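One structure below.
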Amino acid sequence: MTATANALHPAHSRESLYAALDGYLAALLARDPARARWAPVVRNSENNVALHIGDGLWGTVTGRGDYDLRFADPLTGQVGLFTTFIESGDESGAALRLGVDATGAISEVELVIVRQVDEALKFPNPRFYTKPVLEEIIPPAERMTRERLICVANGYFSTLEQNDGQFFTRFHPDCNRVENGTQTTNNPDFILPIASLGCEEQFRTGWYRYDDRLRGRRFPLVDEERGLVMAHGFIDHRGTLTDYALADGTRVESHIRRPHSFYLSELFRIEQGAIRQIEANFITVPYHMPSPWDAPGWASDAGMRA
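Numbered by our numbering, the letters in the sequence shown go through residues 31 to 336 in order.
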């Protein structure tokens, strides 16, 4: 397990981090990188590819939707946003993470944008809407340490990896998960029958056995006030599993039949040691694709020097 974060900057406030985020968004929507405040060297990626500032979404964005779920980690100078961006009339869900240095300048940009028009795996009828539970403040006496919050989130990935019904985390009775704008728990209308079950019930079946590895796990942002953890990583699928037994012995066929990986950005709301809500954006990438965030030194080549 690794974490990507700036050196600790206790002087950061939630308000200053949100101001840096708003400055970035204003520059992006104007397609003018010069309007944002950048650190001397910036690490910038879009959909797991290192890019120069001004490339990618900067050249095609035409607007932003109303969905605005923001959160911050003043201790490490990290700020996150789940929103939607519009390109050529198509609205796409996006997860954005910024690293802000001690002077308030942006030093890291990590964007996952799910352009469903280009994706083979399409989620039907995506809806991007405010979920109050993700914005509620945890009472100070009930807040968990950042280390414990990360442990609970990491346990989710360990439960998902080669899912066989064993649990390495806890789920709140009211837990729900939204992926790429579609609720995939307690949703009998979703294309996969497993989606009709709740979070814990799904994992108890062992349905996700085809998820071979949860790789490159990073937990760069912890919003202790709100009990939120933002995570990044990959789900690797070998695609060799044809049929398999669920935890109750029922045999089912795997719908993952070719090697590929998912690159994800996932947000966990954790209450009293249990996962209450999950918000995830992910895209399909080549099998075992590495992360530029695990490659020291790439910023000097692919980032932007002020």
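Positions of the beta carbon are idealized from the N, C-alpha and C atoms, including for glycine. None of these values were measured; they are calculated from a predicted model.
Straight-line gap, residue i to residue j (C-alpha atoms, nearest Å)
i           : j           : result
residue 98  : residue 124 : 10 Å
residue 211 : residue 132 : 34 Å
residue 204 : residue 310 : 17 Å
residue 157 : residue 122 : 10 Å
residue 150 : residue 286 : 13 Å
residue 260 : residue 48  : 16 Å
residue 314 : residue 307 : 23 Å
residue 278 : residue 154 : 30 Å
residue 86  : residue 281 : 44 Å
residue 114 : residue 325 : 28 Å
residue 275 : residue 89  : 48 Å
residue 130 : residue 53  : 12 Å
residue 198 : residue 190 : 9 Å
residue 77  : residue 319 : 11 Å
residue 51  : residue 283 : 44 Å
residue 301 : residue 127 : 23 Å
residue 83  : residue 60  : 13 Å
residue 79  : residue 290 : 16 Å
residue 184 : residue 263 : 11 Å
residue 243 : residue 237 : 15 Å
residue 75  : residue 141 : 6 Å
residue 245 : residue 45  : 33 Å
residue 209 : residue 65  : 32 Å
residue 72  : residue 164 : 29 Å
residue 216 : residue 256 : 24 Å
residue 250 : residue 108 : 7 Å
residue 42  : residue 100 : 16 Å
residue 103 : residue 110 : 9 Å
residue 305 : residue 240 : 23 Å
Three-state class that DSSP yields for residue i in the structure shown
i           : result
residue 322 : helix
residue 91  : coil
residue 266 : strand
residue 148 : helix
residue 245 : strand
residue 69  : strand
residue 240 : helix
residue 33  : Annotation note: pLDDT 41 at residue 33 (below 50); position unreliable, coordinate value reported separately. The answer is coil: DSSP assigns residue 33 none of H, G, I, E or B.
residue 250 : strand
residue 114 : strand
residue 135 : coil
residue 153 : coil
residue 234 : helix
Any non-hydrogen atom of the ligand NAD within 6 Å of residue i CB
i           : result
residue 202 : Among the components modelled here there is no ligand, and therefore nothing to report on the ligand NAD.
Limits of the beta strand (DSSP E) - the one that residue i falls within
i           : result
residue 339 : Residue coverage of the chain in this structure runs from 31 to 336, which leaves residue 339 outside it and unanswerable.
residue 12  : In the structure displayed, the chain extends from 31 to 336; residue 12 sits before or after that span and is not available.
residue 278 : Looking at the DSSP string, residue 278 is not in any beta strand (DSSP E), and its letter there is neither H nor E.
residue 310 : 304 to 315
residue 291 : 290 to 301
Element boundaries [alpha helix (DSSP H), containing residue i]
i          : result
residue 47 : 44 to 59
Original post:
Where in the region 160 to 231 do unbroken runs of the alpha helix (DSSP H), each at least 4 residues long, occur, reported from the N-terminal end onward?
Top reply: For the region 160 to 231, whole alpha helix (DSSP H) runs of length 4 or above, ordered along the chain, are 176 to 190.
**OP:** Check whether the region 170 to 185 touches the region 108 to 118, counting contact only when three or more Cβ pairs, one atom from each stretch, lie closer than 8 Å.
**Re:** The region 170 to 185 is not in contact with the region 108 to 118.
Original post:
At a cut of 8 Å, does the region 221 to 232 reach the region 269 to 276 through at least three beta carbon pairs?
Top reply: The region 221 to 232 makes no contact with the region 269 to 276, as fewer than three CB pairs between them are under 8 Å.
Original post:
Should the region 184 to 197 be called in touch with the region 160 to 171, which here means at least 3 C-beta pairs below 8 Å?
Top reply: Cβ pair count under 8 Å is below three, so no.
**OP:** Spell out a yes or no on whether the region 133 to 142 and the region 215 to 226 are touching, meaning 3 or more CB-CB pairs, one atom from each, closer than 8 Å.
**Re:** No: the two stretches stay apart, fewer than three of their Cβ pairs being nearer than 8 Å.
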